[in-house]
Amino acid sequence: MSRSALLQPDPAPAAAEWNAVEIRYPFAKRAAVGPVDLTIRSGERVLLLGPSGSGKSTLLLTLTGLIPDSIPAEVAGRVSLFGDDVGTRKPWGWAPLVAQYFQDADQTLCGMRVEDELAFALENRAWPPERILEAVSDVMRRVGIPDAWRRRRSAQLSGGERQLVALAATLIQDTPLFVADEPTAHLAPEAARRLHALLTIRDRDRSVLIVDHRLDGLIESIDRMIVLGREGTIVAEGEPRKIFRDSRALLEAHGIWRPAACALDAALAEADLASPAAPLSVAEALAHLDPATAPRLSIDAARPVVDSYIASRRSQDDAVAIRNAPVLVRLEHVDCAPFLGPTVLHGIDLSIHEGEILGVLGRNGAGKSTLGLCLAGLLPPKAGRRHGPAGGYAFQRPENQLVAGTVREELAMALPDRLSADEKAARVAAALDSWGLAALADNHPFELSQGQKRRLALASLTIADRWPLLVLDEPMAGLDAHGAKHLAGEILTLRDKCRTVALITHDMDLALRLCARSIVVGEGGILAEGPTAALMNDQALLARAGLAEPSCADAMRWLEATAC
1 MSRSALLQPD
11 PAPAAAEWNA
21 VEIRYPFAKR
31 AAVGPVDLTI
41 RSGERVLLLG
51 PSGSGKSTLL
61 LTLTGLIPDS
71 IPAEVAGRVS
81 LFGDDVGTRK
91 PWGWAPLVAQ
101 YFQDADQTLC
111 GMRVEDELAF
121 ALENRAWPPE
131 RILEAVSDVM
141 RRVGIPDAWR
151 RRRSAQLSGG
161 ERQLVALAAT
171 LIQDTPLFVA
181 DEPTAHLAPE
191 AARRLHALLT
201 IRDRDRSVLI
211 VDHRLDGLIE
221 SIDRMIVLGR
231 EGTIVAEGEP
241 RKIFRDSRAL
251 LEAHGIWRPA
261 ACALDAALAE
271 ADLASPAAPL
281 SVAEALAHLD
291 PATAPRLSID
301 AARPVVDSYI
311 ASRRSQDDAV
321 AIRNAPVLVR
331 LEHVDCAPFL
341 GPTVLHGIDL
351 SIHEGEILGV
361 LGRNGAGKST
371 LGLCLAGLLP
381 PKAGRRHGPA
391 GGYAFQRPEN
401 QLVAGTVREE
411 LAMALPDRLS
421 ADEKAARVAA
431 ALDSWGLAAL
441 ADNHPFELSQ
451 GQKRRLALAS
461 LTIADRWPLL
471 VLDEPMAGLD
481 AHGAKHLAGE
491 ILTLRDKCRT
501 VALITHDMDL
511 ALRLCARSIV
521 VGEGGILAEG
531 PTAALMNDQA
541 LLARAGLAEP
551 SCADAMRWLE
561 ATAC
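Okay, structure coming up:
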């Protein structure tokens, strides 16, 4: 060894390491994860991707020893944090070094007032009260939590609001390693953008490990990607640009989410018009086709490609024809309030038509779920009248509607009693296969991953063909790309059967693709109603409602700019 090498200081230990780690739950037929060899370096920002059930959350739960200390499982290999074996401390012993946001916000929160939730971790570190108050105010400002929430109990907040508070309660700990499992699944676009920016601030002293399927706006700040396959092993690892272009077929086969730019990049590549470097945004994918500098011949060749890309992301339904269809459910001067809560929506007049897919958009806490429950007839109006048949409801938390002992029984319970045993068995088998749950048929629903629970809840709601109206509350949260594609197909099939769907979502791309008409909820009422594409082109409305443009907006602008 050279003298200069001997004089070099020892490198800082890795923030986290998994060495030949394999995790198996009790009575499981195969390992949930592994074997996995993975290192998170100091100051690195890493994104962990994988299909539902690939073991992403399981892997994260080994970081501080929650698996196997609190959640029984057999763990082979070595997990270490900052050079020390995780097993040398109890999970809470790692709190000064690791802040962990769980996939379910309610696992982080204690049901206290918001300011107490945020102060809790710092109180356990015996910080002086004045310093805690300063830190609470600072994190509320950075995350975007209104001061009016301070004394509200977290249990009284909407699902997205609770997620925001749980994230703030994790960020306030300011640890050298921050771990977040689906941190933006229920956040409105404005809040998701702010959180992505906070999570990915470059800091040589802080490492970040994120599991998230909302890649647009996040992926540009990621140093390295790790991709788990369906068997719980690493199938790809490296710099995002390289993986998204070079491993396109692999990612698609495993149902891995990709940025919206990837589909446009692939389409341009087929026409021999792709950008030299793999793009991470739609703007990047079209930057080399700038109308001010690119040859007109290239632009003319690219225009039909871009036009087709946009068309594939917009609903082809005729909004005018839908408005002429018979009304299925009508709310007339309705005031809506959550159970035992204050009135949040006033004077709602809304009709939803047979065969319509209606988008329900708005920021966290706007009252979308409350409105959805009124639409379905599950929540009586405080004032006004609801006209029309009852509807089925897919809750934001799938656990709220899972009651049986096995996946198979959950589906069977949703079927009408008039069916014979053979008919029920056939319908259940078809649903298990269709929703990718056949291998989990005998599992308890609460043993499933969050994405698998979501698929089960949606399958149980659609298996019986009993509801003329279905209200789906954030149905894509936790789903992998395959699950989301299947659900979109199911929704379109329902429409073809003249069934009606109210789609509550923060996913602007999903609303644009499926919903010819949408409403924007906010400020205690309906801010706007009309064709979804027109609403998403209204910049003032989007800013007012905490929403964002769809990912294809830059492609639309490029198409307009290059028109002859």
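Residue 1 is where the sequence shown starts when you use UniProt numbering, and the numbers rise one by one after that. C-beta atoms are modelled at their ideal positions from N, C-alpha and C, and glycine is treated no differently.
Nearest-angstrom Cα distance between residue i and residue j?
i: A459; j: G50; result: 22 Å
i: P531; j: R517; result: 4 Å
i: Q396; j: E182; result: 14 Å
i: R503; j: Y393; result: A small correction: the amino acid at residue 503 is Leu; Arg does not occupy that position in the sequence shown. C-alpha separation (whole angstroms): 10 Å.
i: V75; j: F102; result: 20 Å
i: P338; j: L373; result: 9 Å
i: Y309; j: L487; result: 21 Å
i: A253; j: L289; result: 30 Å
i: L510; j: R557; result: 19 Å
i: A294; j: G144; result: 41 Å
i: L479; j: G111; result: 27 Å
i: S158; j: E270; result: 45 Å
i: E549; j: V86; result: 43 Å
i: P326; j: D147; result: 45 Å
i: A425; j: A412; result: 8 Å
Just to confirm, are residue i and residue j a CB contact at a threshold of 8 Å?
i: V471; j: G391; result: yes
i: T500; j: L379; result: no
i: residue 572; j: T343; result: In the structure as shown, the chain begins at 1 and stops at 564. Residue 572 is therefore absent and cannot be evaluated.
i: A481; j: W257; result: yes
i: L198; j: R141; result: no
i: residue 585; j: V227; result: Residue 585 is absent from the model: the chain starts at 1 and stops at 564.
i: E273; j: S298; result: The identity of residue 273 in the sequence shown is Leu, whereas the question assumes Glu. Result yes, Cβ atoms of L273 and S298 sit closer than 8 Å.
i: N124; j: G77; result: no
i: L331; j: L358; result: no
i: F178; j: V208; result: yes
i: A285; j: P276; result: no
i: A545; j: L527; result: yes
i: R323; j: R513; result: no
i: C552; j: V282; result: yes
i: E231; j: V165; result: no
i: A414; j: A464; result: yes
Measuring CA to CA, which of the options is closest to residue i?
i: W365; options: A155, F102, A516; result: Checking the displayed sequence, the identity of residue 365 turns out to be Gly instead of Trp. The candidate whose alpha carbon is nearest that of G365 is A155.
i: D212; options: L402, E474, A192; result: A192
i: D442; options: A425, G405, A464, R427; result: G405
i: I67; options: G83, R45, K90, S54; result: K90
i: T64; options: G53, F82, A426; result: F82
i: C498; options: E354, D300, E410; result: E354
i: L59; options: G43, L547, T39, E44; result: T39
i: A28; options: H186, V36, R214, A439; result: A439
For residue i, name the three-state secondary structure that DSSP assigns.
i: H196; result: helix
i: C564; result: coil
i: G525; result: strand
i: D10; result: Unreliable positioning characterises D10 in this predicted model, as indicated by a pLDDT of 45, which lies under 50. The coordinate reading is nonetheless provided below. Looking at D10 - three-state DSSP - the assignment turns out to be coil, as it is neither helix nor strand.
i: Y309; result: helix
i: P389; result: coil
i: M556; result: helix
i: A5; result: Note that A5 scores 43 on pLDDT, short of 50, meaning its location in the model is unreliable and no value can be drawn from it.
i: R214; result: coil
i: W94; result: helix
i: L48; result: strand
i: D538; result: coil
i: S158; result: coil
i: residue 595; result: The first residue shown for the chain is 1 and the last is 564, placing residue 595 beyond what the model contains.
i: H346; result: strand
i: R202; result: coil
i: I322; result: helix
i: L373; result: helix
i: C262; result: helix
i: D130; result: A small correction: the amino acid at residue 130 is Glu; Asp does not occupy that position in the sequence shown. In the structure shown, E130 sits in a helix (DSSP, three-state: H, G or I).
Classify residue i as buried or exposed, calling it buried when 16 or more other Cβ atoms lie within 10 Å of its own Cβ.
i: D420; result: Inspection of the sequence shows that residue 420 is occupied by Ser rather than by Asp. Answer is exposed; the Cβ neighbour count stays below 16.
i: Q163; result: buried
i: G255; result: buried
i: K56; result: buried
i: A169; result: buried
i: D317; result: buried
i: I172; result: buried
i: D10; result: Only weak support is given to the placement of D10: the predicted model assigns it a pLDDT of 45, under 50, and the question is left unresolved by the model.
i: Q107; result: exposed
i: Q539; result: exposed
i: C564; result: exposed
i: S247; result: buried
i: I201; result: exposed
i: D473; result: buried
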